[in-house]
């Protein structure tokens, strides 16, 4: 039901077309929830402009929560736009499927590269990705420029597995996703057993590390704010590793 609500909200709050141009709402508004079938960063900073600057986004323009979240869930705009939010309880969110994600071992790892860069400027950076249709789930946390934990799995297997499983992961049962020896186990029908996290795991972990984005609608903020909607740089697009030798 929550996922359906998010999908409906994205349709209702989508940016408007005016004279052949997309227009975004610029009336400050309270936070809007997101999280299902989505990727996002949580950056511990109240300086939205600093986060925007470090990301290297293109053609940024002011945008409120409703219009920004609507844009990143839009079937067309969501392919290459991200929304950088005003701060919520000390966290600035960067939301959109255009964020770099762990594609697989045959591709350049642009996700961790982006996190490393942000980690040099901000005291804490978190990354989450939950997209069941293509079986991609990921989470990462950097503190003072150091990767504390990074885990990602796709339909081709584990892509990231850096750092020790955190206390919060273990509390959610995510210790099951160590994957050592899993491929060798056989089920009753004789097939391979592949264990995957779920969207709920990712969202609940986000709630323990920072904030569960599906619950932002109920958060009181001292002032209403504006974020930014922008195009993702071309450098974020997936790129295969070049063969050497």
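In the working numbering, the protein residues as written are 1 to 245. Heads up, the beta-carbon is just placed ideally off N, CA and C, and yes, glycines get one too.
Reduced DSSP secondary structure (H/G/I, E/B, other) of residue i
i	result
residue 224	coil
residue 99	coil
residue 53	helix
residue 116	helix
residue 127	strand
residue 170	helix
residue 144	coil
residue 44	strand
residue 94	strand
residue 211	coil
residue 71	helix
residue 159	strand
residue 217	helix
residue 239	coil
residue 204	helix
residue 62	strand
residue 138	strand
residue 133	helix
Beta-carbon contacts of residue i that lie in its chain and below 8 Å, excluding the five residues immediately before and after
i	result
residue 107	238, 239, 240 and 241
residue 190	Low local confidence applies: a pLDDT of 45 at residue 190 is under 50, so the model's placement there is unreliable, with the coordinate-based value given in what follows. So no residue of the chain qualifies.
residue 132	37, 198 and 199
residue 52	60, 84, 228 and 230
residue 78	71, 72, 96, 97 and 98
Own chain partners of residue i with C-beta closer than 7 Å, once the 5 adjacent residues on each side are dropped
i	result
residue 159	102, 104, 105, 152 and 153
residue 216	31, 32, 33 and 88
residue 121	54
6 Å Cβ shell around residue i - same chain, five flanking residues per side excluded
i	result
residue 162	147 and 150
residue 206	128 and 212
residue 232	80, 82 and 98
residue 126	42, 141, 209 and 210
residue 225	28 and 86
Residue from the options with nearest C-alpha to residue i
i	options	result
residue 36	228, 203, 208 and 220	203
residue 236	170, 126 and 109	109
residue 208	139, 234 and 223	139
residue 143	119, 133, 164 and 136	119
residue 70	59, 85, 56 and 57	85
residue 45	94, 135 and 136	94
residue 247	137, 135 and 91	No answer is possible for residue 247: the residues shown for the chain start at 1 and end at 245.
residue 22	40, 47, 50 and 68	68
residue 196	223, 218, 222 and 156	156
Residue i classed as buried or exposed, judged by whether at least 16 other C-beta atoms fall within 10 angstroms
i	result
residue 166	buried
residue 76	exposed
residue 96	buried
residue 27	exposed
residue 229	buried
residue 136	buried
residue 100	buried
residue 187	Residue confidence is low: residue 187 scores 48 on pLDDT, short of 50, so the model does not pin down where it sits. Its coordinate-derived value is still stated next. With fewer than 16 Cβ atoms within 10 Å of its Cβ, residue 187 is classed as exposed.
residue 48	buried
So, do the region 60–68 and the region 108–121 have three or more beta carbon pairs nearer to each other than 8 Å?
-> Contact fails: fewer than three Cβ-Cβ distances are below 8 Å.
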